[in-house]
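Presented below is the structure to which this report refers.
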Amino acid sequence: MRLRKPLDQKVAVGDMITYQTTSFIIINILDVGLASWGKESIFAVYTCLVQQLNSPNLSENYTTTQTELAYELNEQRNISRVGDIIYDENTGIWVQVNAILAIRYEDEKIYVKYEFDPIPEWSPKEISKLQDKRRLQLMKLVKHEQKR
Numbered sequence: 001m002r003l004r005k006p007l008d009q010k011v012a013v014g015d016m017i018t019y020q021t022t023s024f025i026i027i028n029i030l031d032v033g034l035a036s037w038g039k040e041s042i043f044a045v046y047t048c049l050v051q052q053l054n055s056p057n058l059s060e061n062y063t064t065t066q067t068e069l070a071y072e073l074n075e076q077r078n079i080s081r082v083g084d085i086i087y088d089e090n091t092g093i094w095v096q097v098n099a100i101l102a103i104r105y106e107d108e109k110i111y112v113k114y115e116f117d118p119i120p121e122w123s124p125k126e127i128s129k130l131q132d133k134r135r136l137q138l139m140k141l142v143k144h145e146q147k148r
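According to the UniProt record's numbering, the sequence shown holds residues 1 to 148 in order.
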C-alpha cells in the first residue's frame, strides 16, 4: 500500500490505517521517497506492507522454501536480491529472500535458486493489544467530582 504523508507526520510499523472502510496494520515499511505537489508542498510517499484486520493468516501455513526461477538474459535487473520482499503469486503470501543459493546460465536463460521465508502476519493477540493501546491514546477520561 502506498501512503502519502506530510513530512512532519511519522509512519511506523504497527500504525493502523483505514482505507475505504477497511482497516489495515503496517507490518513493514518497504520504501520511502519524496514527491512534490506544486512548488511548496513536499511530502513523503511510503510503500508499506500491510495486513488487513480480521483476515485469515495465510503465511502460517508455510515455512522456509527453496525454488529456482528462470529469467531471460535481458531480465537480469529483475533478479531479486537478498532481503527483497516479494509477492508469491502461487501461494498468495509475501516472502523475503533469505539467500541466493545458486545461479547458472543455460540456453540463453539465467536460473536463480532462491531461499524464501514467509513474512509473518501479526497474531490476533498482537493486533488486539495494539487496538487497546490506540483506544487509550484516543480516549480522554474525565474525573467525575461528587457534589457535597
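From the three backbone atoms N, C-alpha and C, an ideal C-beta is built for every residue, glycine too.
Sequence-distant residues of its chain with Cβ nearer than 7 Å to residue i (five each side left out)
i           : result
Ser59       : Ile93, Pro118, Ile119, Pro120, Glu121
Gly14       : Ile25, Ile26, Leu130
residue 152 : Not covered by the structure: residue 152. The range shown for the chain is 1 to 148.
Thr22       : Gln52
Gln20       : none
Glu126      : none
Tyr62       : Thr91, Ile93, Pro118
Ser36       : Ile42
Start-to-end residues for the beta strand (DSSP E) that takes in residue i
i     : result
Asp31 : 22 to 37
Arg4  : 2 to 6
Val45 : 41 to 52
Arg81 : From DSSP, Arg81 is part of no beta strand (DSSP E); its letter is neither H nor E.
Glu68 : 65 to 72
Tyr62 : No beta strand (DSSP E) holds Tyr62; DSSP gives it neither H nor E.
Neighbourhood of residue i by C-beta distance below 6 Å, restricted to the same chain and skipping five residues each side
i     : result
Tyr87 : Trp94
Asn64 : Per the sequence shown, residue 64 should be read as Thr rather than Asn. For Thr64, where only same-chain residues beyond five positions count, the Cβ hits under 6 Å are Asp117.
Ser55 : none
Glu68 : Tyr111, Lys113
Met1  : Cys48, Val50
Same chain only: Cβ atoms within 8 Å of residue i, ignoring 5 sequence neighbours per side
i      : result
Glu108 : Glu72, Leu73
Lys39  : none
Asn78  : Tyr71
Distance between beta carbons of residue j and residue i, contact taken as under 8 Å
i     : j      : result
Ser80 : Tyr114 : 7 Å
Val50 : Ile17  : 7 Å
Gln66 : Leu101 : 7 Å
Asn98 : Val82  : 7 Å
Gln96 : Ile85  : 5 Å
Starting from the N-terminal side, write out each stretch of the beta strand (DSSP E) that is 3 residues or longer and does not extend beyond the stretch 77 to 122.
-> For the stretch 77 to 122, whole beta strand (DSSP E) runs of length 3 or above, ordered along the chain, are 85 to 88, 93 to 106, 109 to 118.
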